[in-house]
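Number of protein chains: 2
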Amino acid sequence: MTTPSNPHQVVIVGAGFGGLEATYRLAGAPVRITLIDRRNHHLFQPLLYQVATASLATSEIAWPIRYLLRNRPEVTTLFATVSGVDAASRRVLLEDGGEVNYDTLVLATGARHAYFGHDEWEQWAPGLKTLEDATTVRRRILVAFERAERETDPVRRAARLTFVIIGAGPTGVELAGTIADLARDTLPRDFRNIDTRKARVVLIEAGPRVLAGFPDDLSAYAQASLERLGVEVMLGQPVTECTRDGVVYGGKTLAAKTIIWAAGVRASRAAEWLGAPADRACRLQVEPDLTVPGHPDIFAIGDTVTISAWNGKPVPGIAPAAKQEGRYVAESIKARLRGEKLPPFRYKHAGSLAQIGKRLAVIDFGRIKLRGAIAWWIWGIAHIYFLIGLRNRLAVAMSWLWIHARDQRAARLITQGSSKVTG
Amino acid sequence: MTTPSNPHQVVIVGAGFGGLEATYRLAGAPVRITLIDRRNHHLFQPLLYQVATASLATSEIAWPIRYLLRNRPEVTTLFATVSGVDAASRRVLLEDGGEVNYDTLVLATGARHAYFGHDEWEQWAPGLKTLEDATTVRRRILVAFERAERETDPVRRAARLTFVIIGAGPTGVELAGTIADLARDTLPRDFRNIDTRKARVVLIEAGPRVLAGFPDDLSAYAQASLERLGVEVMLGQPVTECTRDGVVYGGKTLAAKTIIWAAGVRASRAAEWLGAPADRACRLQVEPDLTVPGHPDIFAIGDTVTISAWNGKPVPGIAPAAKQEGRYVAESIKARLRGEKLPPFRYKHAGSLAQIGKRLAVIDFGRIKLRGAIAWWIWGIAHIYFLIGLRNRLAVAMSWLWIHARDQRAARLITQGSSKVTG
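The following block contains the structure:
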């Protein structure tokens, strides 16, 4: 297919699951594409908690964006930070003063964790969205055990060995189960003064159950499984305070030196750039065709939007949803260039998966519900399948094999700070 | 073997090649060991340049020290920073106020890079000693290509695409060759506005030849091989200035935004702790039995000392030398506990190896000298053999296989900073 001399310019902001899928699906279309991301890598976020718990290496779940698109000469990758959108003149503005013209703009700018008006909690309770977040959490977890090993005061030692996870969605459940595995199976023989199996892992959730997006029976199974791993599950308990010494929830104070935030997200600044309507979590409200109201040439997808396109329910903030939206946008752009129009976006839910511990998971396929070891195998195979490239599939499979056969985790590295790091 | 109730206390500072080997070789001796390191991991430094050039992941060349010693209950690993030694009362002092008593002390505290009185150069010309150093250099190299891709001014673009390595010892040669490989083979198809093959890699050396520790003919071969890869080799040219914009050498100014320091090291502060005699690079001068003069209960080994125990020549600062010294110290401690005394330490040089490019290396086994592809295979097999653990051997072998078969480097990650990073 030849590209016209002045082809349609598509600018895609964000190379997460949605933005990358839109780019892939525009292959062969008579367009030129500029893909902008402030990171040089696409990140496989569903496994980020495994970097945070020393199970996987950073490079096993991240790929250079340019490399993924090396065979697409019509795609230009820009390593740049977007500062705004001038919709009147159809320009994306960059922080370094540059700008990029578009005919069609796709905003796929994702979300960060949010602290519900308590941004000061972030320093004590980091969240998990980027590779740096993951290595920060990993450092805190590993340093906590190191400090406990050298602490002689039993009260302070107990606080070092208490790990609090706030929020019992999939990320919180996965973190809690994996930290329990780490303390029970990986670390015990490595320490001389502490019994790492006595570490407390406390999962605190404001709502009435864990994995609220799953059916009741799978939630109950997940909770029972976590408790068998030794995780203390506290439900219906909103956290009212985070400090360097611990958390306050339900009027109780819990001394803990390691707190991880998995409780909420806030969308990117895309709504602000456009002055467009957004919900409490700053998510753009989009039309049924995923365009921004009043801006038919601007699509918005993924975690930065809220869509009711799933039997009236909001589409969940998961990778398959973002990918379906990216694909819809690509098809929609191609249809428009042919002078056609697609029917509204409809989300098809393939299933929900969450790992609990080393060999346990829950899966909700709608009619079929799975739990335990069989669910874990399907979970593992599905995740390896969705990784990019044979090399990473082999590497992750090998890392998991070692964890399961020998309880050895490859990436127990404390980086960005020597023993002098406070924590 | 039973350990006496009040066993001999050995404190080893530094879990590099020397300190770890001493710990290993003391297995079964009637001693208790405290191994202190300010990092939680042992680092395979000979491959650090491969992390800096995106070829290997950090976790492929680093292992948690505790994990390596998990089956040695008489060994306690301390994650702490040493601030001094009180030789009179036989105590090691820690920065956090703690202290550890010893009967025998082994100082294996290594070296950092040194700027010969120009410490202000470090910000523009980072060296390569820790994992963080390596990810910093990796970030600078990758960001340079990203900036060049977006630079429209040809002069500034050329400066972005100029990579200067100062010092042509093994690390400098290996860095130069691998950056040339990266620019020529890995990156070209990923960029749209620049031809990465036109990047300049300039290796500047004050002395008269590259790889000064090797015989003349291997030096000449290494230089010719580098030049075939496109590396510009500048000999007899001391660098007199490093700035954010480039370097000055031999009166000439070279505009370059990426400078890497591989020119010199300075030993740790061990000599200062003891008020003991040291050479210009702060290396302790030790007795023929590797004890510190006037301190028969303190051994010092590895890069923090200078020893003339190789036919009168100084022992080279390489991993096998540190390991031989660690082994000697362990045997010496065991001999003393039996009331015996070992003959002086003698270094046995097994050979010198350096990789040049993707499939080239030089090896000097004394009588036998090898070069080219056969040397590269021996280099690769030797390095995989010396890695710790089957898992890491498999992982590194796989990473190298992918580089060689597909020119794909797994760890092209810009971390610790988004596109806003200056550089």
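Top line first, the protein sequences correspond to chains A and B. Mapping of the first sequence onto our numbering: position 190 corresponds to residue 190, and the numbering continues sequentially without gaps. Mapping of the second sequence onto our numbering: position 242 corresponds to residue 665, and the numbering continues sequentially without gaps. Ideal placement from N, C-alpha and C gives every residue a C-beta, glycine not left out. All figures in this text were calculated on a predicted structure; none of them were measured in a lab.
If I measure Cβ to Cβ from residue i and keep anything under 8 Å in the same chain, skipping five residues before and after, which residues do I get?
i: Gly687 of chain B; result: His536, Ala537, Tyr538, Phe539, Gly590 and Ala704
i: Ser506 of chain B; result: Leu516, Leu517 and Glu518
i: Phe214 of chain A; result: Ala222, Ser352, Ala354, Val362 and Asp364
i: Ala134 of chain A; result: Leu48, Tyr49, Val51, Ala52, Thr58 and Leu128
i: Val100 of chain A; result: Val11, Thr34, Ile36, Leu78, Arg91, Val92 and Leu94
Once you ignore the five residues that flank residue i on each side, which residues in its own chain have a CB closer than 7 Å to its CB?
i: Thr446 of chain B; result: Ile435, Ile456, Leu458, Leu492 and Val498
i: Ile602 of chain B; result: Thr476, Ile564, Phe586 and Val624
i: Ile807 of chain B; result: Arg816, Val819 and Ala820
i: Glu748 of chain B; result: Gly441, Leu713, Ile724, Gly725 and Phe768
i: Gln464 of chain A; result: In the structure displayed, chain A extends from 1 to 423; residue 464 of chain A sits before or after that span and is not available.
i: Leu72 of chain A; result: Per the sequence shown, the amino acid found at residue 72 of chain A is Arg instead of Leu. Contacts found: Ala27.
Quick check: what's the CA-CA separation for residue i versus residue j?
i: Gly389 of chain A; j: Arg692 of chain B; result: 46 Å
i: Arg138 of chain A; j: Glu146 of chain A; result: 12 Å
i: Ala606 of chain B; j: Lys675 of chain B; result: 25 Å
i: Ile473 of chain B; j: Ile194 of chain A; result: Note on residue identity: the sequence assigns Gln, not Ile, to residue 473 of chain B. Rounded to whole angstroms, Gln473 of chain B to Ile194 of chain A spans 36 Å at the Cα level.
i: Thr594 of chain B; j: Glu122 of chain A; result: 40 Å
i: Arg140 of chain A; j: Ala212 of chain A; result: 28 Å
i: Leu707 of chain B; j: Ala397 of chain A; result: 47 Å
i: Thr619 of chain B; j: Leu584 of chain B; result: 8 Å
i: Glu340 of chain A; j: Ser332 of chain A; result: 8 Å
i: Ala627 of chain B; j: Val231 of chain A; result: Before going on, a small fix: residue 627 of chain B reads as Ile here, not Ala. If I take the Cα positions, the gap works out to 57 Å.
i: Leu466 of chain B; j: Leu554 of chain B; result: 8 Å
i: Gly442 of chain B; j: Phe809 of chain B; result: 16 Å
i: Thr714 of chain B; j: Ala511 of chain B; result: 16 Å
i: Ala485 of chain B; j: Arg651 of chain B; result: 33 Å
i: Gly789 of chain B; j: Glu710 of chain B; result: 27 Å
i: Val143 of chain A; j: Gly521 of chain B; result: 17 Å
i: Arg462 of chain B; j: Val10 of chain A; result: 47 Å
i: Lys198 of chain A; j: Lys257 of chain A; result: 15 Å
i: Gly357 of chain A; j: Ala373 of chain A; result: 10 Å
i: Ala267 of chain A; j: Ile65 of chain A; result: 22 Å
i: Ala531 of chain B; j: Val728 of chain B; result: 9 Å
i: Gly437 of chain B; j: Gly533 of chain B; result: 7 Å
i: Tyr249 of chain A; j: Ile414 of chain A; result: 30 Å
i: Asp604 of chain B; j: Leu793 of chain B; result: 22 Å
Enumerate in chain order the residues of its own chain whose CB-to-CB distance from residue i is below 6 Å, with the five nearest sequence positions on each side excluded.
i: Thr3 of chain A; result: With a pLDDT of only 49 at Thr3 of chain A, under 50, the local geometry of the prediction cannot be trusted, and the value read off the model is given with reservation. Here the set comprises Pro30.
i: Thr422 of chain A; result: Only weak support exists for where Thr422 of chain A lies, its pLDDT of 39 falling under 50; the coordinates are left without a value.
i: Val529 of chain B; result: Ile435, Ala445, Phe722 and Val752
i: Ala503 of chain B; result: Ile459 and Leu517
i: Ala699 of chain B; result: Leu707 and Val715
i: Thr609 of chain B; result: Asp830 and Arg832
Report the residues of the stretch 465 to 482 of chain B with a CB closer than 7 Å to any CB of chain A, ordered along the chain. Ala480, Thr481 and Ser482
Any contact between the stretch 341 to 354 of chain A and the stretch 297 to 310 of chain A? By contact I mean 3 or more CB pairs, one from each, below 8 Å. yes
Is it true that the stretch 621 to 637 of chain B meets the stretch 646 to 659 of chain B, where meeting means three or more beta-carbon pairs spaced less than 8 Å apart? yes
Touch test, the stretch 87 to 94 of chain A against the stretch 58 to 72 of chain A, Cβ-Cβ under 8 Å, three pairs minimum: no
Would you check if the stretch 122 to 134 of chain A and the stretch 313 to 326 of chain A touch, i.e. whether three or more CB-CB distances between them fall below 8 Å? no
In chain order, which alpha helix (DSSP H) runs of at least 4 residues are fully inside the stretch 435 to 518 of chain B? 440 to 448, 471 to 475 and 488 to 491
If you measure beta-carbon to beta-carbon, which residues of the stretch 533 to 551 of chain B are closer than 8 Å to chain A? none
Complete beta strand (DSSP E) runs within the stretch 239 to 286 of chain A (minimum length 3 residues, chain order): 239 to 243, 246 to 249, 252 to 255, 258 to 261 and 265 to 267
Which full runs of the beta strand (DSSP E) of 3+ residues lie inside the stretch 337 to 364 of chain A, going along the chain? 352 to 355 and 361 to 364
Against chain B, which members of the stretch 251 to 267 of chain A pass a CB distance test of less than 9 Å? none
Validate contact between the stretch 814 to 831 of chain B and the stretch 384 to 398 of chain A using beta carbons, cut 8 Å, 3 pairs: yes
Counting only runs that start and end within the stretch 133 to 188 of chain A, where is the beta strand (DSSP E) found for 3 or more residues in a row? 162 to 166
Positions along the stretch 711 to 735 of chain B whose CB lies within less than 8 Å of some CB in chain E: Looking at the structure shown, chain E is missing, and the protein chains on hand are A and B.
Closer than 7 Å between beta carbons: that is the criterion. Which residues of the stretch 436 to 461 of chain B meet it against chain A? Arg461
When you check each C-beta in the stretch 616 to 629 of chain B against every C-beta of chain A, which residues fall closer than 7 Å? none
Please list the residues of the stretch 797 to 817 of chain B that have a C-beta atom closer than 7 Å to any C-beta atom in chain A, keeping them in chain order. Arg814 and Leu817
Below 7 Å between beta carbons is the criterion; list the residues of the stretch 597 to 613 of chain B that meet it against any residue of chain A, in chain order. Arg612 and Asp613
Cβ-based contacts, 7 Å cut-off: residues of the stretch 130 to 144 of chain A near chain B: Leu131, Glu132 and Leu142
Against chain B, which members of the stretch 78 to 90 of chain A pass a CB distance test of less than 8 Å? Leu78, Phe79, Ala80 and Thr81
Which complete beta strand (DSSP E) runs does the stretch 358 to 417 of chain A hold, if anything under 3 residues is left out? 361 to 364 and 369 to 371
Which runs of the beta strand (DSSP E), 3 residues or longer, sit entirely within the stretch 281 to 322 of chain A? 295 to 300
What ranges does the beta strand (DSSP E) occupy inside the stretch 207 to 240 of chain A, keeping only unbroken runs of at least 3 residues that lie completely in it? 231 to 234
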